[in-house]
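There are 2 protein chains.
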Amino acid sequence: MVTTLKDVAEKAGVSVKTVSRVVNNQGEISAETREHVAAVLDELGYRPNALARGLVSGKSATVALIIPQITDPFFPEVMLGVDSVARAHGYNVFLCNTEDDPARELEYIDILAGKRVDGIILCGSRLNAVQLAEVAKQHRVSILSSRNPPSSAVIRIPGEAGLFATTRHLTERGHARIGHIGLRAPDEHDRLEGYERALKEAGLPLDAKWVRWIPRVNIEAAYTAAKSLLTEAPEITAVSCYNDLAAIGTMRAAAELGRRLPDDLAITGFDDIAMASLVSPPLTTIRVLRYQLGERVMQLLLKVIASDGKLEQREQVDIELIVRRSSGG
Amino acid sequence: MVTTLKDVAEKAGVSVKTVSRVVNNQGEISAETREHVAAVLDELGYRPNALARGLVSGKSATVALIIPQITDPFFPEVMLGVDSVARAHGYNVFLCNTEDDPARELEYIDILAGKRVDGIILCGSRLNAVQLAEVAKQHRVSILSSRNPPSSAVIRIPGEAGLFATTRHLTERGHARIGHIGLRAPDEHDRLEGYERALKEAGLPLDAKWVRWIPRVNIEAAYTAAKSLLTEAPEITAVSCYNDLAAIGTMRAAAELGRRLPDDLAITGFDDIAMASLVSPPLTTIRVLRYQLGERVMQLLLKVIASDGKLEQREQVDIELIVRRSSGG
DNA sequence: TTGTACGCGTTATCAT
DNA sequence: ATGATAACGCGTACAA
Numbered sequence: 075m076v077t078t079l080k081d082v083a084e085k086a087g088v089s090v091k092t093v094s095r096v097v098n099n100q101g102e103i104s105a106e107t108r109e110h111v112a113a114v115l116d117e118l119g120y121r122p123n124a125l126a127r128g129l130v131s132g133k134s135a136t137v138a139l140i141i142p143q144i145t146d147p148f149f150p151e152v153m154l155g156v157d158s159v160a161r162a163h164g165y166n167v168f169l170c171n172t173e174d175d176p177a178r179e180l181e182y183i184d185i186l187a188g189k190r191v192d193g194i195i196l197c198g199s200r201l202n203a204v205q206l207a208e209v210a211k212q213h214r215v216s217i218l219s220s221r222n223p224p225s226s227a228v229i230r231i232p233g234e235a236g237l238f239a240t241t242r243h244l245t246e247r248g249h250a251r252i253g254h255i256g257l258r259a260p261d262e263h264d265r266l267e268g269y270e271r272a273l274k275e276a277g278l279p280l281d282a283k284w285v286r287w288i289p290r291v292n293i294e295a296a297y298t299a300a301k302s303l304l305t306e307a308p309e310i311t312a313v314s315c316y317n318d319l320a321a322i323g324t325m326r327a328a329a330e331l332g333r334r335l336p337d338d339l340a341i342t343g344f345d346d347i348a349m350a351s352l353v354s355p356p357l358t359t360i361r362v363l364r365y366q367l368g369e370r371v372m373q374l375l376l377k378v379i380a381s382d383g384k385l386e387q388r389e390q391v392d393i394e395l396i397v398r399r400s401s402g403g
Numbered sequence: 075m076v077t078t079l080k081d082v083a084e085k086a087g088v089s090v091k092t093v094s095r096v097v098n099n100q101g102e103i104s105a106e107t108r109e110h111v112a113a114v115l116d117e118l119g120y121r122p123n124a125l126a127r128g129l130v131s132g133k134s135a136t137v138a139l140i141i142p143q144i145t146d147p148f149f150p151e152v153m154l155g156v157d158s159v160a161r162a163h164g165y166n167v168f169l170c171n172t173e174d175d176p177a178r179e180l181e182y183i184d185i186l187a188g189k190r191v192d193g194i195i196l197c198g199s200r201l202n203a204v205q206l207a208e209v210a211k212q213h214r215v216s217i218l219s220s221r222n223p224p225s226s227a228v229i230r231i232p233g234e235a236g237l238f239a240t241t242r243h244l245t246e247r248g249h250a251r252i253g254h255i256g257l258r259a260p261d262e263h264d265r266l267e268g269y270e271r272a273l274k275e276a277g278l279p280l281d282a283k284w285v286r287w288i289p290r291v292n293i294e295a296a297y298t299a300a301k302s303l304l305t306e307a308p309e310i311t312a313v314s315c316y317n318d319l320a321a322i323g324t325m326r327a328a329a330e331l332g333r334r335l336p337d338d339l340a341i342t343g344f345d346d347i348a349m350a351s352l353v354s355p356p357l358t359t360i361r362v363l364r365y366q367l368g369e370r371v372m373q374l375l376l377k378v379i380a381s382d383g384k385l386e387q388r389e390q391v392d393i394e395l396i397v398r399r400s401s402g403g
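Line by line, the protein sequences are chains G and Y.
With this note's numbering as the guide, the letters of the first sequence map in order to residues 75 to 403.
With this note's numbering as the guide, the letters of the second sequence map in order to residues 75 to 403.
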């Protein structure tokens with residue numbers, strides 16, 4: 075079986091506490107006992123039981139990262155950043171994938187609370203504002219979102235500004251009938267607002283039938299939505315999309331409908347995932363530094379934990395328009 | 075603070091054990107006590123402490139999935155399959171990303187053992203055969219690999235057969251000078267062997283300078299390796315790559331060197347990730363059903379756990395050659 | 001049907 | 001410098 079402090083203590087002929095001290099490098103211990111105990115420790119292959127430690131200390135050295143879609147390349151890169159900071163501070167990360175399901179998100183939060191995680195990062199949460207506020211009140215949470223959550227510790231991706239930038243880029247290139255592929259999720263409307271603002275500022279009309287919604291972010295859903303959009307509103311000459319995956323689905327639909335890019339249809343995305351520069355034509359998009367985002371949101375969580383959950387902070391993130399050929403740029 | 079069984083017991087005026095019984099639906103309890111306790115449970119928002127439970131039961135309801143590269147789209151999809159089966163059986167999954175570093179892999183295994191995970195899935199392990207055997211002996215492990223590990227519970231991706239298939243596809247199309255971009259990792263040589271066998275069977279010579287190694291699987295590394303390969307051995311007319319990411323890096327290098335695909339250079343990959351059909355030209359590759367792979371390797375882990383780590387089993391996976399334009403197909 | 005007492009492996013308190 | 005003992009929150013054996 076697994077060796078415990080007691081096993082080591084018996085074998086070494088000392089008390090449990092002494093062994094504990096050696097393990098944790100704490101208190102004053104004579105060099106010879108230390109060496110002796112260390113030897114036995116090594117011989118028996120002792121490994122501290124994190125469960126017991128957690129029970130006593132009330133800490134689990136574990137945090138959780140909740141994301142909606144692990145297959146969206148955006149999130150793995152965020153995870154990388156989160157993980158690097160977490161590791162540097164002795165934390166392990168539970169990665170929880172909700173498949174865009176708010177119920178699953180709440181279920182995870184419940185389970186994680188039971189596992190006594192020290193903090194939770196909500197990344198692209200699909201909860202509504204009320205749920206989000208409640209969760210942020212009850213748990214130690216830091217949030218990464220392009221929405222504007224009422225909560226207290228947030229890293230904010232400027233979704234409104236991003237869609238404004240991509241859409242304005244299209245209006246500036248002379249497009250007058252611009253569609254939008256958006257994500258239909260609770261309280262998720264800032265990107266739509268950016269799209270609408272760009273149209274308004276350009277003096278262009280809004281038309282509800284130029285907007286299509288996808289229930290989840292993936293290429294397939296966007297492909298379907300875009301096909302319907304382009305079929306029912308063929309007058310459209312450009313589409314600004316919720317993100318890169320949505321844009322890539324739109325590109326596929328366009329290609330299938332015989333529309334050449336970018337001449338017959340201009341398309342923009344959001345995120346600048348690796349795929350964006352690999353597809354043909356390369357995708358005009360908004361660059362977001364995902365790894366750094368992950369680092370920052372984890373650093374924020376560390377502060378939240380240190381502040382005992384009382385921290386109020388809101389950080390904004392820089393974005394940059396990357397013009398490539400998909401928009402005729 | 076957090077409410078415990080004791081808090082509930084005091085408030086409800088019953089014993090701790092009675093509350094415990096209500097929580098776990100066990101033993102005979104009078105309907106009225108049950109209701110009463112349930113009400114208090116609810117009122118106080120009781121949530122079992124998984125740490126304490128784990129300490130008593132010796133189980134943590136947690137497993138771990140160790141992968142080398144979360145940014146390789148292959149792995150998130152495996153994760154999805156693992157997670158679905160894990161959830162269905164009441165397990166949470168720790169996702170551990172090693173960045174291709176064997177030392178980090180061992181470190182994770184150590185930490186996970188400390189957290190008393192009930193089992194570990196090694197997916198694309200970078201450990202050498204000796205280390206792998208040792209880990210499999212000491213822990214409850216199921217393995218997903220294209221290598222041929224000596225261990226006992228393995229789902230095997232036929233890497234040799236896959237590279238044989240892609241490379242033979244190239245020889246059949248008349249290519250006589252075929253390069254290979256391989257992964258340099260411990261005991262990782264079965265894909266190279268597939269490549270070599272295809273050349274031999276076609277009566278073609280092997281040439282060490284037609285093979286380049288990447289230290290890690292990512293587009294950038296492959297781009298660099300391919301550029302060197304195509305520059306120093308411009309006589310090559312085709313490249314069969316370790317996997318799709320390597321192939322995509324190779325495509326980029328080829329494009330930059332002014333070689334048109336597939337006429338000036340044919341390229342094949344492995345995995346059939348989403349990107350493979352999106353790049354231009356679409357990539358000829360080997361299809362692997364990643365979600366199913368994840369399900370199977372988690373199911374295997376369940377068996378390993380049930381067998382107390384004694385299970386011996388080795389499953390093979392089906393693959394399929396997908397011919398697209400990158401190979402001239 | 002319900003309760004008491006103990007143990008899980010560790011850390012912390014207070015002695016010695 | 002070292003050790004005995006009591007927590008931590010829960011489950012299990014055994015009583016009542």
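All residues carry an ideal CB built from backbone N, CA and C; glycine is no exception.
Query, Result
"Chain-ordered neighbours of Y/GLU369 on chain G, where CB pairs are closer than 8 Å", "Per Cβ cutoff of 8 Å: no residues; Y/GLU369 is ~15 Å from chain G at best."
"CB contact flag (G/SER314, G/THR241, <8 Å)", "yes"
"Y/LEU385 to Y/LYS211 span [Cα, whole Å]", "11 Å"
"Chain-ordered chain G contacts of Y/ARG190 [CB-CB under 8 Å]", "ASN123, ALA124, LEU125"
"Rounded straight-line distance, which links the Cα of Y/ALA299 to that of G/GLY418", "As displayed, chain G neither begins before 75 nor continues past 403, which places residue 418 of chain G out of reach and without an answer."
"Residue-level contact to chain G via CB, Y/ILE322, 8 Å cutoff", "yes"
"Three-state secondary structure (DSSP) of G/PHE149", "helix"
"Separation of G/ARG290 from G/GLU246, as counted between CA atoms", "30 Å"
"Spatial neighbours of Y/LEU243 in its chain, beta-carbon cut-off 8 Å, leaving aside the 5 residues before and after", "Per the sequence presented here, residue 243 of chain Y reads as His, with Leu not at that position. The answer, listed in chain order, is THR342, THR358, LEU395, VAL397, SER401, GLY403."
"N- and C-terminal bounds of the beta strand (DSSP E) containing G/ILE360", "359-361"
"DSSP bridge partner residues for G/PHE168 (one or two, in chain order)", "G/ALA138, Y/PHE168"
"The segment 177-185 of chain G in contact with the segment 198-216 of chain G per 3-pair CB rule at 8 Å", "yes"
"Within-8 Å CB hit, Y/ASN222 to chain G", "no"
"Pairwise C-alpha distance: Y/ASP81 and Y/VAL90", "9 Å"
"Distance between beta carbons of G/ALA320 and G/ASP261, contact taken as under 8 Å", "In fact, because the Cβ distance is near 18 Å, the residues do not count as touching under 8 Å."
"Residues that G/ILE144 contacts on chain Y, provided the C-beta gap is smaller than 7 Å", "PRO150, MET153, LEU154"
"Contact under 8 Å by Cβ, G/LEU218 with G/VAL362", "no"
"Ordered list of alpha helix (DSSP H) runs contained in the segment 105-134 of chain G, each at least 4 residues", "105-118, 124-131"
"Candidates G/SER302, G/TYR120, G/PRO224, G/LYS85: closest to G/VAL285 by CA position", "G/SER302"
"Identity of the residue in G/GLU309, G/ALA187, G/ILE183 nearest G/GLN205 by Cα", "G/ILE183"
"Ranges of the beta strand (DSSP E) found wholly within the segment 174-218 of chain Y, counting only runs of at least 3", "193-197"
"Distance between G/ILE185 and Y/LEU125 (C-alpha atoms, nearest Å)", "12 Å"
"Proximal residues of chain G, C-beta to C-beta of Y/PRO289 below 9 Å", "Chain G residues near Y/PRO289: none, gap ~18 Å exceeds 9 Å."
"Nearest-angstrom beta carbon gap, Y/ILE229 and Y/LEU374 [assumed within contact, 8 Å]", "6 Å"
"Proximal residues to Y/PRO355 (C-beta, below 8 Å), its chain only, five neighbours per side dropped", "LEU335, PRO336, ARG398, ARG399, SER400"
"Neighbourhood of Y/ILE231 by C-beta, 8 Å cutoff - its chain only, sequence neighbours within 5 removed", "LEU218, SER219, SER220, VAL362, LEU367, VAL391, ILE393"
"Chain-order list of residues whose beta-carbon lies under 6 Å from that of Y/GLU267 (same chain, five-residue window excluded)", "GLU234"
"Proximal residues to Y/ALA348 (C-beta, below 7 Å), its chain only, five neighbours per side dropped", "PRO147"
"Cβ separation of Y/TYR165 and Y/ALA135, assumed to be a contact under 8 Å, to the nearest whole Å", "6 Å"
"Range covered by the beta strand (DSSP E) that runs through Y/LEU254", "At residue 254 of chain Y the sequence reads His, which differs from the Leu that was named. Unbroken beta strand (DSSP E) run through Y/HIS254: 252-257."
"Chain G contacts from the segment 348-378 of chain Y (Cβ-Cβ distance under 8 Å)", "ALA348, MET349, LEU352, VAL353, SER354"
"Residues of its chain near Y/TYR120, where Cβ-Cβ distance is below 6 Å and the 5 sequence neighbours each way are ignored", "THR77, VAL82"
"Below-8 Å beta-carbon distance, Y/ASN317 vs any chain G residue", "no"
"Outcome for G/GLU270 when other beta-carbon atoms lying within 10 angstroms are tallied against a minimum of 16", "buried"
"Where Y/SER134 meets chain G, residues with beta-carbon distance less than 8 Å", "LEU125"
"Reference Y/LEU352; option with closest CA among Y/VAL378, Y/MET325, Y/ARG265, Y/LEU376", "Y/MET325"
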